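Q: For the sequence shown, numbering that gives the first Met the number 0 assigns the number 0 to the initial residue and increments by one for each residue that follows.
I have a structure here, written as structure tokens, and I will follow up with some questions on it.
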Amino acid sequence: MTEDLLARARSEVLEGGRGLGYADLVDVLRLPEAEIPALLEVAHDVRVRWCGPEVEVEGIVSLKTGGCPEDCHFCSQSSRFDSPVKAVPLLSHAEVLAAARETAELGASEFCLVYAVRGPDERLMAHLEEVVPLVGRETGLNVAVSAGILTPSQAARLAAVGTHRYNHNLETARSYFPSIVTTHTWDERFATCALVREHGMELCCGVLLGMGETVEQRLELLGQLRDGGPAEVPGNFLDPRPGTPLAGRPLMAALEAIRWIALFRLALPDVILRYAGGREVTLGDLQEMGMTAGINALITGNYLTTLGRAPQEDVVMLRGLKMPIGTLSKVI
Ligand code: SF4
């Protein structure tokens, strides 16, 4: 079975650029551990064939941290949980610009403005309509925004001021979402993802694995991601935050995480599949293996509420793997 499956992966995904179907993805999960190296080889070949050899490295900056009224059970920025993250007011234009310039000096091509909100209110929209063109004009960076659920007119306004990419994560499968979030629905999230694309912005749509969802629900999520048509999928692994309802959950096992990375690549051959939160604690020394399992981008440095490792460590890792770095090439 293994040979058939991997041969099909080579012809369908590697040659044809079509993601594996549901039955084959189930079989990937059944592959014995001894077959994992062969699986990773196909997944890595697929990412090089459809995404190129470079790894895109990105930093993220939180411009409005904490105090969010929503109750996403994994998130320490929710005001509903007794977590150590405290609300910080919106940064000024000067502070945003300074952060963007710092990012541009690293050689990055994209700067993502992240706000911990349910969705933008009029004050935040007015801020974004000034800041998005300002950052683009002053730094030459592509500007991405992550500011929660959008209305159609808000999506149109963000597109009109030049927002290049909009981040809105599905996080988990539709069937599991009510166990994780009760203050808004999965359908509201999906509707925003659709609006982003309808208005010509690129969709960045992430997932968070390890919240107690079943294997079937992860496969369900993959199908829903395919329906959403993202340009980029940040892959997060739960790093249980103190004070949140998921604080007591165990970390996902490292090899399980590696297998899921390969599976995502075989399901979504040409998306930017980015290492995001939780990779350090979940994968530890296997982070390099993940880079050869289908990942072609990473967030380096600190995440929104958790510490990542130093960017230099990632640079050393990528050098060791002989993987050229896309957006940070100027500082290497
Ligand atoms: S994930 Fe986003 S919407 Fe949910 S609580 Fe955190 S900041 Fe708010």
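Ideal placement from N, C-alpha and C gives every residue a C-beta, glycine not left out.
Please read these numbers as outputs of a predicted model, since none were measured by experiment.
#1: Mark T191 as exposed unless 16 or more other C-beta atoms lie within 10 angstroms of its C-beta, in which case mark it buried.
#2: Can you name the start and end residues of the beta strand (DSSP E) that P233 belongs to?
#3: Report yes if the CB atom of G234 is closer than 9 Å to the CB atom of G205, and no otherwise.
#4: How about G349: is its Cβ closer than 8 Å to a heavy atom in ligand 1?
#5: Let me check understanding here. Comparing Cα to Cα, which of V56, V25 and W49 lies closest to E312?
#6: Would you list the residues sitting across from S61 in a DSSP beta bridge?
#7: Are there any heavy atoms of ligand 1 lying less than 8 Å away from the beta-carbon of S77, as far as the coordinates show?
#8: Under the criterion of a Cβ to heavy atom distance below 8 Å, does R278 qualify as lining ligand 1?
#9: How about Q75 and G66: are their beta carbons less than 9 Å apart?
#10: Kindly say whether D44, judged by its beta-carbon, lies nearer than 9 Å to any beta-carbon of chain D.
#11: To the nearest angstrom, report how far apart D269 and H163 are at their CA atoms.
#12: Can you name the start and end residues of the beta strand (DSSP E) that C203 belongs to?
#13: In angstroms with no decimal places, state the Cα-to-Cα distance between E197 and L297.
#14: Can you give the Cα-Cα distance for T243 and G222, rounded to whole angstroms?
#15: Would you please state the rounded distance, in angstroms, between the beta carbons of S145 and N166? I believe it to be under 8 Å.
#16: In its own chain, which residues sit with a C-beta less than 8 Å from the C-beta of G319, not counting the 5 before and 5 after it?
#17: Distance, Cα to Cα, V60 vs A143?
#18: Any heavy atom of ligand 1 closer than 8 Å to the beta-carbon of A115?
#19: Can you tell me the Cα-Cα spacing of A292 and R122, whole angstroms?
#20: Grouping DSSP H, G and I as helix and E and B as strand, with all else coil, what is L123?
#21: Helix, strand or coil: which one does DSSP assign to L303?
#22: Quick test of your reading: A230 and C203, contact by CB under 8 Å. State the CB separation rounded to the nearest angstrom.
#23: Following a CB-centred definition, is D372 positioned closer than 8 Å to any heavy atom of ligand 1?
#24: Write down the C-beta distance between G210 and F110 rounded to the nearest angstrom, noting that I regard them as a contact closer than 8 Å.
A: In terms of the structure at hand:
#1: Classification for T191: buried.
#2: That run of the beta strand (DSSP E) goes E231 to F236.
#3: Between G234 and G205, the gap from beta carbon to beta carbon is short of 9 Å.
#4: No answer is possible for residue 349: the residues shown for the chain start at 0 and end at 331.
#5: Answer by Cα proximity: V56.
#6: DSSP, once it has assigned bridges, lists V113 as partnering S61.
#7: Within the cutoff, so yes.
#8: Taking 8 Å as the cut-off, the C-beta of R278 does not count as close to any heavy atom of ligand 1.
#9: The sequence as given places Ser at residue 75; Gln does not occur at that position. 9 Å or more divides the Cβ of S75 from the Cβ of G66.
#10: Annotation note: the requested chain D is absent from the structure, which comprises a single protein chain.
#11: For D269 and H163, the gap between their C-alpha atoms comes out near 19 Å.
#12: E201 to C203 is the span of the beta strand (DSSP E), which, as asked, contains C203.
#13: Each residue's Cα considered, the two are about 27 Å apart.
#14: Distance between the alpha carbons of T243 and G222: 28 Å.
#15: Their Cβ separation, rounded to whole angstroms, is 4 Å, which keeps S145 and N166 in contact under 8 Å.
#16: Correct list, in chain order: E287.
#17: Our two residues, V60 and A143, have alpha carbons roughly 11 Å apart in a direct line.
#18: It does: the Cβ of A115 is within 8 Å (strictly closer) of some heavy atom of ligand 1.
#19: If I take the Cα positions, the gap works out to 43 Å.
#20: Looking at L123 - three-state DSSP - the assignment turns out to be helix.
#21: Annotation note: pLDDT 49 at L303 (below 50); position unreliable, coordinate value reported separately. DSSP, reduced to helix, strand and coil, places L303 outside both helices and strands of the structure shown, so it counts as coil.
#22: Between C203 and A230 the Cβ distance is about 7 Å, and since that is below 8 Å, they are a contact.
#23: Because residue 372 is not part of the residues shown, which for the chain are 0 to 331, the question remains open.
#24: According to the sequence as given, residue 210 is Met; it is not Gly. Contact doesn't hold; Cβ gap of about 29 Å is too wide.
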